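Colleague:
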Amino acid sequence: MTVLSTEDEGKYLMDIEGEQIGIVTEVDAEAQVAYVEPEAGISEALVQSFGFGDADEDDIEVHADAVETVTDTELRVATDL
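Numbering-wise, this note's numbering comes out as the position in the sequence shown, counting from 1, plus 130.
(1) What would DSSP say about Glu213, mapped onto helix, strand or coil?
(2) If you measure between the beta carbons of Glu204 and Tyr165, is that distance less than 7 Å?
(3) Grab me the residues of Gln162's own chain with a C-beta within less than 6 Å of its C-beta, minus the 5 sequence neighbours each way, in chain order.
(4) Where does Val207 land, buried or exposed, given buried means 16+ other C-beta within 10 angstroms?
(5) Leaving aside the five residues before and after Glu191 along the sequence, list all residues of the same chain whose C-beta is less than 7 Å from its C-beta, in chain order.
(6) State the CB to CB distance for the pair Asp189 and Thr155, rounded to an integer number of angstroms; the pair is presumed to be in contact (CB under 8 Å).
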């Protein structure tokens, strides 16, 4: 099982085919949920990586059990969201 942490904020969320879904805006480490802003740009990724962003109402909730791999720059899910 993948473990999510606040270190994952600012990373890209990718689907199984390597297509970008969005940017992780916030991680609830206790609940093991990543909040992802769909179709975010590079400037949004920078803001999030420095810890200045927050989740909002249009973010997608991605639970840790849906995340297949985590790298330095991305989280990859095994299915399409």
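All C-beta atoms, glycine included, are put in the ideal place defined by N, C-alpha and C.
Nothing here was measured: the structure is a model prediction, and the numbers come from that model.
Modeller: Taking the structure as given:
(1) Because the chain spans 131 through 211 in this model, residue 213 falls outside it and cannot be assessed.
(2) no
(3) Leu134, Ala194
(4) buried
(5) Val163, Tyr165
(6) 6 Å
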